[in-house]
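This report concerns only the one structure given below.
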Ligand code: HEM
Ligand SMILES: [Cu+2]
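Protein chains in written order, with the working numbering: chain A, 1 to 595; chain B, 596 to 817.
Here's what the structure looks like:
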């Protein structure tokens, strides 16, 4: 079949990149350039997000210390809330949704399935520029009159739906937030169309579903989640915007009085927003983590020199997690006065996600068990991913009991849960991917010693920041309070806050090592060959960095599964996917020259 | 032995040309130069539209379930527009217009397949005109509702009425633009047959969405 296609198709030849800086680097339709654009967008966003979080931690530890760059020196509670809101929003949307999927997914999904580009390259470019526009809109919220919004990344009404009466930042700032999220929804929807279509229709001959690298499975399932959830968030923010600007009352109850002002609204229901938001919000947390799971599987297998343990179970559990993720949104609303029987149903469904999650965890352990482990930096971060996913996931099981959640809801316990399981785990997935694919993307290698130093500082630091939050949360420390020195039972936690703040400052500083390593290696890193990790998947069968059409005029065919490491009888301890059975007995040279 | 822990995708004996991924690229004999590298097979456009409709469906499902949930919300206060206010005559007529447009579109598609270009253009054009009539009808419905003192912010049910019809109307407007684009604008990447299939898929789908919205609006405002 492929032979036929090749003979009637154009003669394969190397394709020249478009000339000129604008079309080549800025408005490129090449999925690799777009992937790198997404990556740098996320890198910018994460820098902003970290600075905001350090400001919060500083304020929590030293609430009375004057800061020179704040008007009047002391942070007001509403300024603290603006930090909370913008930190959460930027991290969740512009880092955890953008880097793993838009960044690495864009760059590597087409290459790993043997395609020359995404199905719709111009749509792909549009997705990126919309995401960029959304980010700019989000940042302008800082500078509009009233400043950034204060309603948190979940933007619950009535606070978010009434405008300035509910606080500074709830005027223009909240509007910018809503517009930005709306644009982001559009961008993600367009992106997901591309990912799904590409995976369905653009696979190379021989690349069956059961031969897809688990990274591709993860990006594919993530794209399906994006497709089905961002439309819902889009609908929700449209209604919210109307409530704010057109006087409707989808989410505003009748007879509401704010600051002594009666709001003349026809009568809506605030919990309607929570339903819509969390119907999106829970799948969204999986959108953030699934690509990390894919990367962890990929890297653990590579650096254990062993096939992934239970490939089929890994693929099926990804799908199961994605599916169940749509049925559990109510666990964020246990204390909203919901019917206890609904609470029970949501609780049982939530706990059932623990089953596929455990399948994944044990398969990761099974993969490294007995392997020839190589502790390179990507491997360390992949192991770190598993560690944080387990630690953070365990607290979820407690939160999923309505009776316990009644106490724990809106405390630091929840903050600990989601930072470990989503925040840190997903970031470790991103780091694993960065260290792993850097040689492929830029043709140079990052420094291993600096990478390891970065890993250990970040690993220990993240645990020091977030573990203590479980204890103060269980003891009653409420999340989103600007100042814990007001009530005596809260004052008791002050030493813990101090400890966490110091840990955060150290961990934040450790990220400078990463930035240094990254940018220095871009220019001065040692040259990387095509396959530095001796890996099996298609991206390693082409040059580093890959040519414009990914395989330099060659149309790869796939003969085997993605994780054939240490196969008995083979000439080397890994067999690339494009090696035919005869070639695999003779060594891997054939694959490198593209047969 | 490590490798024996897993059987599925590994092992030299089991590997062969085996199943096929569906995909390939560049192989349909079109183009050359820089476009050769990424001219995708025509079916990707159909797949892409199918996927996009999944996202659009979720958007409308969100709005509709919001209406249903709001109507049954414990806070009460849902005031149905009732037959007195709901412009159901116009809406019924509009529904018939849209159904007719799906029929004319199917006819056009059929004529295209029969290589009868003239008849194709005729029915394709009729479809677009019916689409414009539909939108005109929706505007009339809005005016009737406004004349009865029911505006966007008057009460929850009027709000939902305007939002649902506007959301659908915008999507249909996009469909009309699509029909015109297919009629007047040619690209190298997209064959005419594919463009017609993709546009038809979208149009019939919007027709179906409207039927559902119509029923929801009727049921929600009784
Ligand atoms: C066994 C697995 C898990 C269970 C049982 C679980 C359960 C829960 C529950 C019940 C809550 C609500 C707590 C409250 O607000 O009172 C919650 C919050 C949260 N979970 Fe999980 N979770 C699990 C895994 C995950 C994963 C894998 C992620 C992300 C990758 C995640 C991200 C979050 C986030 C972001 C929140 C807080 C949202 C907010 O209020 O701002 N969870 N989880
Ligand atoms: Cu959740």
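Yeah, the Cβ is synthetic: ideal placement off N, Cα and C, and Gly gets one too.
Item                                                                                                                                              : Value
Rounded separation between residue 143 of chain A and residue 232 of chain A - CA only                                                            : 29 Å
Assigned secondary structure, residue 539 of chain A (DSSP; H/G/I helix, E/B strand, else coil)                                                   : helix
Candidates A/560, A/30 and A/493: closest to residue 307 of chain A by CA position                                                                : A/560
Residue 581 of chain A versus residue 532 of chain A: straight-line alpha-carbon distance, rounded                                                : 23 Å
Cβ-heavy atom distance, residue 418 of chain A to ligand 1, below 7 Å                                                                             : yes
CB contact check: residue 800 of chain B to chain A, cutoff 8 Å                                                                                   : no
Rounded straight-line distance, which links the Cα of residue 148 of chain A to that of residue 83 of chain A                                     : 8 Å
Cutoff 8 Å: residue 747 of chain B Cβ touching any chain A Cβ                                                                                     : yes
Member of A/543, A/522, A/524 and A/538 whose CA lies at the smallest distance from the CA of residue 530 of chain A                              : A/543
Min CB distance residue 665 of chain B to chain A below 8 Å                                                                                       : yes
Coarse secondary structure for residue 713 of chain B, derived from DSSP in three states                                                          : helix
Within-8 Å CB hit, residue 647 of chain B to chain A                                                                                              : yes
Euclidean distance between Cα positions of residue 31 of chain A and residue 571 of chain A                                                       : 34 Å
Any non-hydrogen atom of ligand 1 closer than 7 Å to residue 288 of chain A Cβ                                                                    : yes
C-beta neighbour in chain A for residue 600 of chain B, strict 8 Å                                                                                : Its pLDDT being 35, under 50, residue 600 of chain B is placed unreliably in this model, and the value from its coordinates should be taken loosely. Yes, its Cβ sits closer than 8 Å to a Cβ of chain A.
Beta bridge counterpart(s) of residue 444 of chain A as assigned by DSSP                                                                          : A/527
Segment contact flag, the stretch 129-142 of chain A with the stretch 170-187 of chain A, C-beta cutoff 8 Å, min 3 pairs                          : yes
Close beta carbons around residue 42 of chain A, own chain, < 7 Å, minus the five adjacent residues each side                                     : 94, 95, 98, 99 and 103
Extent of the continuous alpha helix (DSSP H) to which residue 31 of chain A belongs                                                              : 31-61
Buried versus exposed call for residue 261 of chain A [16 or more other C-beta atoms within 10 Å across all chains shown]                         : exposed
Contacts around residue 282 of chain A, its chain only, beta-carbon distance under 8 Å, and the 5 residues preceding and following it disregarded : 325, 326, 328, 329, 331 and 332
Simplified DSSP assignment, three categories, for residue 584 of chain A                                                                          : helix
Sub-8 Å separation of residue 458 of chain A and residue 507 of chain A beta-carbons                                                              : yes
Interface residues of chain A facing residue 658 of chain B [CB-CB closer than 7 Å]                                                               : 235
8 Å Cβ cutoff, residue 714 of chain B in contact with chain A                                                                                     : no
Residue-level contact to chain A via CB, residue 661 of chain B, 8 Å cutoff                                                                       : yes
Sequence-distant residues of the same chain with beta carbon closer than 7 Å to residue 112 of chain A, five excluded per side                    : 213, 215, 216, 537, 538 and 539
Contacting residues, own chain, Cβ-Cβ under 7 Å from residue 682 of chain B (five flanking each side not counted)                                 : 736, 739 and 740
Chain B contacts made by the stretch 243-265 of chain A, where a contact means CB separation under 8 Å                                            : 246, 247, 248, 249, 250, 253 and 254
One or two residues paired with residue 574 of chain A in a DSSP bridge                                                                           : A/565
Spatially closest choice to residue 166 of chain A from A/370, A/389, A/151 and A/424, by CA coordinates                                          : A/151
Beta carbon proximity, residue 650 of chain B to chain A, threshold 8 Å                                                                           : yes
Chain B contact residues for residue 334 of chain A, given Cβ-Cβ distances below 9 Å                                                              : Those within 9 Å of residue 334 of chain A in chain B number zero; the least Cβ separation is about 17 Å.
Short CB-CB distance (under 8 Å) between residue 120 of chain A and chain B                                                                       : yes
Ligand 2 heavy atom lying under 7 Å from the CB of residue 232 of chain A                                                                         : no
Simplified DSSP assignment, three categories, for residue 478 of chain A                                                                          : strand
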